[in-house]
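Everything in the sequence shown is counted per my numbering, starting at 1 for the first residue and increasing by one. Accompanying notes for the structure given below.
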Amino acid sequence: MAMYKFLTALAAVAALAPAAHADDNWSFKDISIQHLDWTNHTENQTGKGPFGVKKDFTLLEVEGGMGGKWGDVYGFFDVENPSKSSNNSDSAMDRRYAMKAVAHINMTQAGGMPVQLYGHIYNFMDNGFRDQNNVLGLSTAYFNGGFWIKPFFGAHYETKTDLGTQYNGTMAGWVFGYNFKAWDQSFMVSSWHETEMGRKDSYLVMARDGGVVTANKTAQNGALSLWWNITPSVTTGLTYRYAKNKLGSATYQDAFIYTAKYNF
């Protein structure tokens with residue numbers, strides 16, 4: 001519980017940090033509508049139940065970030081199935097909420113690269129169910145032309161309905177992006193990835209082939225996207241979304257996400 005409170009405080013401080021620095025040099029914000037289309041394999045596998053069933057859905061998202069010499073912060077808030085109620089006979093069609101806050105705060109340098117305090121909070125809510133992932137650790141950043149990558153590693157604390165808050169191993173991952181031009185158009189490839197390691201057995205109860213099993217202690221979760229900046233205000237994207245031993249299912253799950261953004 002103490003770690004949970006510390007992570008929450010870290011996120012709050014990080015969210016306020018940009019206002020205290022005069023050297024901020026970038027920021028962005030956008031709203032988007034997205035449609036997530038699970039593959040037939042995923043729907044067939046997870047459709048056997050008894051939970052973790054996957055069905056296609058639409059979501060609305062508000063997203064933004066800013067940074068400077070002090071580091072950077074990023075966050076989003078999603079409403080999934082926004083036109084549905086929060087309590088349906090088919091729980092896969094419930095209206096759900098997800099948010100994430102991420103902070104990379106520069107502390108020092110080593111070998112010409114930043115050493116950063118890293119923290120993130122991801123919170124998911126669905127009709128009385130809550131799952132929150134809290135990570136505290138270290139990160140760095142590398143930039144070269146249009147390419148950038150920000151790897152991280154940290155301790156993972158998870159708060160879940162009926163389980164409370166417990167240490168749940170470690171998490172490593174990255175976000176990266178590459179901006180490029182083609183056919184006189186502006187594009188970007190981006191990715192986020194998380195590997196969870198050494199998870200506790202109490203968090204490994206998942207569905208597979210219609211039964212309940214103990215999933216692997218290691219899990220993968222991420223996405224790879226291609227973005228087309230049609231104008232400075234309008235961006236469209238295609239994302240390949242994947243997860244293994246995550247999202248309530250001890251199996252590989254994947255989907256395609258179609259996105260239209262308005263950039264402010």
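Every residue gets a Cβ at the ideal spot worked out from N, C-alpha and C, and that includes glycine.
Can you give me the start and stop residues for the beta strand (DSSP E) that residue 46 sits inside?
-> Along the sequence shown, read from residue 1 onward, the residue named residue 46 stands at position 46. Counting along the chain, residue 46 falls outside any beta strand (DSSP E), though it belongs to the alpha helix (DSSP H) covering 40 to 46.
Determine the direct distance from the alpha carbon of residue 184 to that of residue 155, and round the result to whole angstroms.
-> For the purposes of this step, residue 155 is identified with residue 155 of the sequence shown, where counting begins at 1. For the purposes of this step, residue 184 is identified with residue 184 of the sequence shown, where counting begins at 1. So the two alpha carbons sit approximately 44 Å from each other.
Could you say which of 36, 62, 84 and 105 lies nearest to residue 75 if we only look at CA atoms?
-> For this step, residue 75 is matched to residue 75 along the sequence shown. Of the candidates 36, 62, 84 and 105, the one whose C-alpha sits nearest the C-alpha of residue 75 is 62.
Taking only runs of the beta strand (DSSP E) that begin and end inside the segment 82 to 115, which ones reach a length of at least 3 residues, in chain order?
-> 96 to 110
Give the C-beta separation of residue 227 and residue 188 to the nearest angstrom, bearing in mind that I take them to be a contact with Cβ-Cβ under 8 Å.
-> Locating residue 227 in the sequence shown gives position 227, where the first residue counts as 1. Locating residue 188 in the sequence shown gives position 188, where the first residue counts as 1. About 4 Å; that satisfies the 8 Å criterion.
Buried versus exposed call for residue 202 [16 or more other C-beta atoms within 10 Å across all chains shown] = As a position in the sequence shown, residue 202 is number 202, starting the count at 1. Residue 202 is exposed by the Cβ-count criterion.
Quick one: Cα of residue 218 to Cα of residue 194, how far?
-> In the sequence shown, residue 218 corresponds to position 218, counting from 1. In the sequence shown, residue 194 corresponds to position 194, counting from 1. For residue 218 and residue 194, the distance between alpha carbons rounds to 10 Å.
7 Å Cβ shell around residue 208 - same chain, five flanking residues per side excluded = Sequence index remark: in the sequence shown, residue 208 carries index 208 (1-based). Contacts found: 249, 250 and 251.
Under three-state DSSP, which class holds residue 184?
-> Position 184 of the sequence shown holds residue 184. Looking at residue 184 - three-state DSSP - the assignment turns out to be coil, as it is neither helix nor strand.
Pairwise C-alpha distance: residue 25 and residue 36 = Counting from 1 along the sequence shown, the entry for residue 36 is found at position 36. Counting from 1 along the sequence shown, the entry for residue 25 is found at position 25. C-alpha separation (whole angstroms): 33 Å.
Name the one or two DSSP bridge partners that residue 151 has.
-> Taking the sequence shown and counting its residues from 1, the one referred to as residue 151 is at position 151. Paired residue(s): 174.
With DSSP run on the structure shown, which of helix, strand or coil describes residue 202?
-> Here residue 202 refers to the residue found at position 202 of the sequence shown. If DSSP states are grouped into helix, strand and coil, residue 202 belongs with the helices.
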